[in-house]
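Data block below; observations after.
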Amino acid sequence: MFRKLIGALLFGGLLAACRSEKDSAKIFVTDVEIVQSEVFAPGDPVTVCASGFEAGDRLLFDIRFPLDGELLPEGYARGIRAVERERTEYSITVLAPGGYPASTVGLLLLRGGEVQELGTVRVSDGTPPAESRLYGLSDEAGGMCIERLDLATGCVVDRRLVDGVASLRCPVNEYGANRIYALSERDGGCAGLLYDLTMRYQELSEQSYVAVGTVLATAAYLVHDSGRLRLEACGATRASQPVRPVGWTLPEGLTAGMLSGAPFVYSAPCGSLLLAADCGGGTFRPVVLTLSSGDCKVQVGEPVGAGALIPFAMPLSREIDGRTQTVLAGGFAVSKPGGGVSELRLFDGVSMRFSEPFATLDDAVCSVAVDLDGVDRSICLLTEDGQGARRIRIYDRRQGAWRADALGDGLPYRSIVLAR
Numbered sequence: 036m037f038r039k040l041i042g043a044l045l046f047g048g049l050l051a052a053c054r055s056e057k058d059s060a061k062i063f064v065t066d067v068e069i070v071q072s073e074v075f076a077p078g079d080p081v082t083v084c085a086s087g088f089e090a091g092d093r094l095l096f097d098i099r100f101p102l103d104g105e106l107l108p109e110g111y112a113r114g115i116r117a118v119e120r121e122r123t124e125y126s127i128t129v130l131a132p133g134g135y136p137a138s139t140v141g142l143l144l145l146r147g148g149e150v151q152e153l154g155t156v157r158v159s160d161g162t163p164p165a166e167s168r169l170y171g172l173s174d175e176a177g178g179m180c181i182e183r184l185d186l187a188t189g190c191v192v193d194r195r196l197v198d199g200v201a202s203l204r205c206p207v208n209e210y211g212a213n214r215i216y217a218l219s220e221r222d223g224g225c226a227g228l229l230y231d232l233t234m235r236y237q238e239l240s241e242q243s244y245v246a247v248g249t250v251l252a253t254a255a256y257l258v259h260d261s262g263r264l265r266l267e268a269c270g271a272t273r274a275s276q277p278v279r280p281v282g283w284t285l286p287e288g289l290t291a292g293m294l295s296g297a298p299f300v301y302s303a304p305c306g307s308l309l310l311a312a313d314c315g316g317g318t319f320r321p322v323v324l325t326l327s328s329g330d331c332k333v334q335v336g337e338p339v340g341a342g343a344l345i346p347f348a349m350p351l352s353r354e355i356d357g358r359t360q361t362v363l364a365g366g367f368a369v370s371k372p373g374g375g376v377s378e379l380r381l382f383d384g385v386s387m388r389f390s391e392p393f394a395t396l397d398d399a400v401c402s403v404a405v406d407l408d409g410v411d412r413s414i415c416l417l418t419e420d421g422q423g424a425r426r427i428r429i430y431d432r433r434q435g436a437w438r439a440d441a442l443g444d445g446l447p448y449r450s451i452v453l454a455r
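Next up, the structure:
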């Protein structure tokens, strides 16, 4: 949440700079009426009626919430862009904001760098959950289904349909924002999809992307343009932490289409992105995109025979400069279908070598989700047996063993994700 607040405060400062004391009561529209509810839930429609709206007008939020035990009595986020859902000549409907504690929310009309205060509403608590939750994604008539599973029992505790989205895959969580980003297949490429789990709404991009993944806690897309890959922050207009603009030239024999099979991950301390290239014929190669300043290069590893090669990153304690530090260590799930043994292996992005497997299992691996801050820092895998039945296996890193019972049997999911 604090990452979002930083961006909001910066934009709020910009808005404040655009206003002088004499025009603090700027009037652009009249006869203002906000269709009220006692308390709006995050994602509920909020309609503002008025006379004088113009095509370029935008609504922003000024969010205020009490702080308990902090230096300041009140927290705030000013200048948050409202998600607009409907507009007429005399009304604009936006969604109540999520991601904040129970708040008093001011609605601001932005026009030409100046704002008019329209009124306030109350919005209930929309902070992300304290612990990661497991979601399964499956195809559904007319869209994609997202189901939340109880990590103890495997029971479905929440279900929602993402309308009009085809073949949603490679989901990742922008950590602490309770948002899922993914790729949605369409003619000629893959659109980027945002689904906000708190506000229950989706946005589909117009642009096509090669892959989606995470850089530390920030979700990002890879864009392909004239033989080069470029990193682009997901949801940058919603106050996400900016991703440093970097690019990579693809070496001969490696195409952008080979990199779309699984989300990429960030691996430290070398500071690189791990991807997998599908070379066809059951052969994959690990791919490392370095993020070092002035040295953005592409390294391609040796071929690996597998049904899938799926990157993952997990917190790991290492000795660095004489101190024990926690870093995100990258690795791959090497999936072996047809009765083979699948492996979880760490991967050194400098030497381009795999470590010995730290866990194995008999089923093929379809999708991997890692808990970054849970007590056991578990690794969840969507697996498939030789008969095509899918279930979820959980590896407890604290115990160094698989949980005895799998979640579900014959699950419909094509991928899973842990989100908060």
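All residue numbers for the sequence shown refer to the working numbering, where the first residue is 36 and numbers rise by one.
Heads up, the beta-carbon is just placed ideally off N, CA and C, and yes, glycines get one too.
Please read these numbers as outputs of a predicted model, since none were measured by experiment.
*For Glu-378, does the count of other Cβ atoms within 10 angstroms reach 16, so buried, or fall short, so exposed?*
Here the question's residue 378 lines up with position 343 in the sequence shown. Per the 10 Å Cβ criterion, buried.
*Simplified DSSP assignment, three categories, for Met-387*: Looking up residue 387 in the sequence shown gives position 352. Coil, per DSSP.
*Can the beta-carbon of Cys-401 be found less than 9 Å from the beta-carbon of Ala-343?*
The count along the sequence shown starts at 1 and reaches residue 401 at position 366. The count along the sequence shown starts at 1 and reaches residue 343 at position 308. Going by C-beta atoms, Cys-401 is nearer than 9 Å to Ala-343.
*asked:* Below 8 Å, is the gap between the Cβ of Glu-68 and the nearest heavy atom of the ligand SAH?
replied: Ligands in the displayed structure: none, and consequently the ligand SAH is not present.
*Assuming Thr-128 contacts Pro-163 (C-beta within less than 8 Å), just tell me the rounded distance between them.*
The residue labelled residue 128 in the question sits at position 93 within the sequence shown. The residue labelled residue 163 in the question sits at position 128 within the sequence shown. With a Cβ gap of about 25 Å, Thr-128 and Pro-163 do not count as contacting.
*What distance in whole Å lies between the Cβ atoms of Val-247 and Cys-205, which are believed to be in contact at a cut-off of 8 Å?*
On the sequence shown, position 170 is the one that residue 205 refers to. On the sequence shown, position 212 is the one that residue 247 refers to. 5 Å between Cβ atoms; contact.
*Name the DSSP beta bridge partners of Cys-314, please?*
In the sequence shown, counting from the first residue as 1, residue 314 sits at position 279. Listed as beta-bridge partners of Cys-314 by DSSP are no residues whatsoever.
*Sorted by chain position, which residues of the same chain lie with C-beta nearer than 8 Å to Val-300's C-beta, five sequence neighbours on each side aside?*
Position 265 of the sequence shown, counting from 1, holds the residue named residue 300. In its chain, beyond the 5 residues on either side, Gly-248, Thr-249, Leu-308, Leu-309, Pro-346, Phe-347, Ala-348, Leu-363, Gly-365 have a beta carbon closer than 8 Å to the beta carbon of Val-300.
_Checking 9 Å against the spacing of the C-beta atoms, do Gly-178 and Leu-446 come in under that value?_
Your numbering for residue 178 matches position 143 in the sequence shown. Your numbering for residue 446 matches position 411 in the sequence shown. The Cβ atoms of Gly-178 and Leu-446 do not sit closer than 9 Å to each other.
*What does DSSP give as the partner residues of Phe-88 in its beta bridges?*
Numbered from its first residue, the sequence shown carries residue 88 at position 53. The bridge partners DSSP lists for Phe-88 come to none.
*Met-349 - DSSP class collapsed to helix/strand/coil*: For this step, residue 349 is matched to residue 314 along the sequence shown. Met-349 falls in the strand class under three-state DSSP.
_Range of the contiguous beta strand (DSSP E) that encloses Ser-173_ = Taking the first residue of the sequence shown as 1, we reach residue 173 at position 138. Taken as a continuous stretch (DSSP letters only), the beta strand (DSSP E) holding Ser-173 covers 168 to 175.
*Around the C-beta of Gly-288, are 16 or more other C-beta atoms found within 10 angstroms, so that it is buried, or is it exposed?*
Walking along the sequence shown from the start, residue 288 turns up at place 253. Counting the other Cβ atoms within 10 Å of the Cβ of Gly-288 gives fewer than 16, which makes it exposed.
_Under the three-state DSSP convention, the category Ala-291 falls into_ = Residue numbering aside, residue 291 sits at position 256 when the sequence shown is read from its first letter. Assignment of Ala-291 by DSSP, reduced to helix, strand and coil, places it in the helix class.
_Under 8 Å: do the region 418 to 434 and the region 139 to 147 share three or more Cβ pairs, one atom per stretch?_
No, they do not touch.
*Curious, which full-length alpha helix (DSSP H) runs of at least 4 residues does the region 112 to 165 contain?*
The DSSP assignment places no complete alpha helix (DSSP H) segment of no fewer than 4 residues inside the region 112 to 165.
*Which residue's Cα is closest to the Cα of Glu-109: Tyr-135, Gly-384, Asn-213?*
Here residue 109 refers to the residue found at position 74 of the sequence shown. With distances taken between CA atoms, Glu-109 lies nearest to Tyr-135 out of Tyr-135, Gly-384, Asn-213.
*Can you give the Cα-Cα distance for Asp-1 and Tyr-236, rounded to whole angstroms?*
Here the chain comprises residues numbered 36 to 455, so residue 1 is not present and cannot be evaluated.
*Quick one, which of Ala-212, Pro-286, His-259, Phe-389 has its alpha-carbon nearest Leu-232's?*
By one-based count along the sequence shown, residue 232 stands at place 197. Of Ala-212, Pro-286, His-259, Phe-389, the residue nearest in Cα terms is Ala-212.
*Expressed to the nearest angstrom, what Euclidean distance is found between the alpha-carbon atoms of Glu-56 and Val-118?*
Taking the sequence shown and counting its residues from 1, the one referred to as residue 56 is at position 21. Taking the sequence shown and counting its residues from 1, the one referred to as residue 118 is at position 83. In this prediction, Glu-56 scores a pLDDT of 43, lower than 50, which makes its location untrustworthy; the coordinate-derived value is nonetheless stated afterwards. Straight-line Cα distance between these residues: approximately 29 Å.
*Under the three-state reduction of DSSP, which class applies to Thr-188: helix, strand or coil?*
Here residue 188 refers to the residue found at position 153 of the sequence shown. Coil at Thr-188, not helix or strand.
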